[in-house]
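Using my numbering, read the sequence shown as starting at 226 and increasing by one per residue.
Yeah, the Cβ is synthetic: ideal placement off N, Cα and C, and Gly gets one too.
First up is the structure itself, then whatever we jot down about it.
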Amino acid sequence: MRMRPLLHAALLFLVPALALAPASVIAVEAIAPHEGHLHFAFAATRGAKVQSRDLESFATSAHEPGFLSLPSGASDDPLAPCALLAAAATSQVFNMLFYGIINPGKLNIFPPPGTNIMGAYDAAIARSKGAIPRDEPGATADILARLLVYHSWGVTSMLNTLVSPLSQGECLRILSAPPELEKRLSGLRAEVQVQTHGPAVDAYIGSAKREEGDRFLAQLREADFLERSSASMSNPLAPCSLVAVFRLAARLNESWAGKMAQGTFEPGDRPELAAYADRIKGGEYLKAPSAESAELVAAMFAAEIGRARELSGLLLEKATQRQCLEEILKPGTLRRQLLEQGITLPMR
């Protein structure tokens, strides 16, 4: 996983400015805002599962008259510009979180002492001096999961506030200008509170009721948990799930801010991008927002999400949760183990 913290690190810790979502938003989650619940970025979300057929469906919608004038809450398509803006910003935040995990002391990734989500580990975190405590693997897995939950909560509030007043066309314009995204996020007001979650953000940040979330966390401390395979369960907070989350964040971060927004994205020979290759190379999607540019951007995101999912599947196919935990703390561990077995995985 390649780390490139392209947005200012302060975005990782923004106290979200919260705004009331417009009345026209589509209700996509069964959890009411006042109910106790937790969030987890990317894992088990609709957006992380997009397929090529989803692109075909979105392309039809994008070319309908007035699509770019629609408010963010009027579409629950994970390939719509406002959903992709949420995905891009989420990838930046979680790429920085991973950077902080593997580079102790470079970023303060922990919540303040005394929080419900992490307070039980305050003493261990203080002793570790900015690093993830590693004395007890089960506790380490629990701490990493809680960091995901904590930062998912922050980015959810932040992005719902950002996206809720925007149109699809405005989201598309901001997607082509990472500095504009940073400026808007930095200018959010913290005194206004959000009451609902919009579909654009929910496409890439999952939710679970408090009771279910507690079960996910409790599993991490079970005696045999770390010896279970990556395919043995569907816990979005398990180490193998987190590996996939950080890999997707790293890929989208590099592809979006490092290539798409610079007009340097290379479609290569991927068949799913063959129909778009010439227009992508020409940077046409960076021009004024249009139905065609929305389709081009969606095609690139769909291809990168699909490729990340494919490569993570190959990497994690035979891994245990313990091996995934080691992969988070020491990136490249799983690839080296596969190489020792004579198994070579593509880099991109």
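Check                                                                                                                                         : Outcome
Using the C-alpha atoms, what's the distance from LEU539 back to VAL250?                                                                      : The predicted model places VAL250 with a pLDDT of 34, which falls under 50 and marks its position as unreliable, so this point remains unresolved.
If we require 4 or more residues per run, which alpha helix (DSSP H) segments fall completely within the region 312-399?                      : 347-353 and 362-388
How many Å lie between VAL318 and VAL380 at the Cα?                                                                                           : 8 Å
Classify THR558 as helix, strand or coil using the three-state DSSP reduction.                                                                : helix
According to DSSP, is PHE267 helix, strand or coil?                                                                                           : coil
Can you tell me which of ASP360, PHE450, ALA308 and GLY363 puts its alpha carbon nearest to the alpha carbon of ASN385?                       : ALA308
LEU445 to GLU289, Cα distance in whole Å?                                                                                                     : 47 Å
Would you kindly check if the distance between the Cβ of ALA502 and the Cβ of PRO492 is under 7 Å?                                            : yes
Under DSSP, the alpha helix (DSSP H) around ILE505 begins and ends at which residues?                                                         : 502-506
Using the Cα positions of GLU535 and ASN328, report the straight-line distance between them to the nearest angstrom.                          : 27 Å
Distance check for LEU332 and ILE342, CA to CA, integer angstroms please.                                                                     : 19 Å
What residue from ASN320, PRO336, ARG440 and GLY339 has the CA that sits closest to PHE267's CA?                                              : ASN320
Near PRO461, which residues of its chain fall below 7 Å by C-beta distance, leaving aside the five closest residues on each side in sequence? : PHE265, ALA268, ALA269, GLY431 and PHE441
Measure the C-alpha to C-alpha separation of ALA463 and LEU369 and round it to an integer number of angstroms.                                : 9 Å
What residue does the beta strand (DSSP E) around LYS408 start on, and which one ends it?                                                     : Not the beta strand (DSSP E): LYS408 falls in the alpha helix (DSSP H), residues 403-411.
Helix, strand or coil for PRO296? Go by DSSP, reduced to three states.                                                                        : strand
Under 7 Å, do LEU263 and ALA433 count as touching if we go by C-beta distance?                                                                : yes
Taking the Cβ atom as the reference point for each residue, do GLU529 and ARG476 lie within a distance shorter than 7 Å?                      : yes
Would you check if the distance between the CB atom of GLY394 and the CB atom of GLY355 is smaller than 7 Å?                                  : no
Buried or exposed: which applies to MET572, given that a residue is buried once 16 or more other Cβ atoms fall within 10 Å of its Cβ?         : exposed
ILE553 by DSSP, collapsed to three states: which one?                                                                                         : helix
So who's on the other strand from THR545, going by DSSP bridges?                                                                              : SER454
In whole angstroms, give me the CA-to-CA distance for ARG504 and LEU280.                                                                      : 16 Å
Of the choices ARG453, GLU361 and PRO404, whose alpha-carbon is the least far from that of LYS543?                                            : ARG453
Find out if the Cβ-Cβ distance for the pair LEU559, GLU552 is shorter than 7 Å.                                                               : yes
Can you tell me the Cβ-Cβ gap for GLY325 and ARG435, rounded? I've got them flagged as a contact below 8 Å.                                   : In fact, because the Cβ distance is near 26 Å, the residues do not count as touching under 8 Å.
Measure the C-alpha to C-alpha separation of LEU451 and SER401 and round it to an integer number of angstroms.                                : 41 Å
Mark GLY438 as exposed unless 16 or more other C-beta atoms lie within 10 angstroms of its C-beta, in which case mark it buried.              : buried
From ALA527 to LEU467, what distance separates their C-alpha atoms?                                                                           : 20 Å
Got a sec? Which residues, its chain only, sit under 8 Å from LEU550 by beta carbon, not counting five neighbours each side?                  : PRO362, THR365, ALA366, LEU369, LEU451 and PRO464
To the nearest angstrom, how far is it from the Cα of PRO424 to the Cα of GLN566?                                                             : 43 Å
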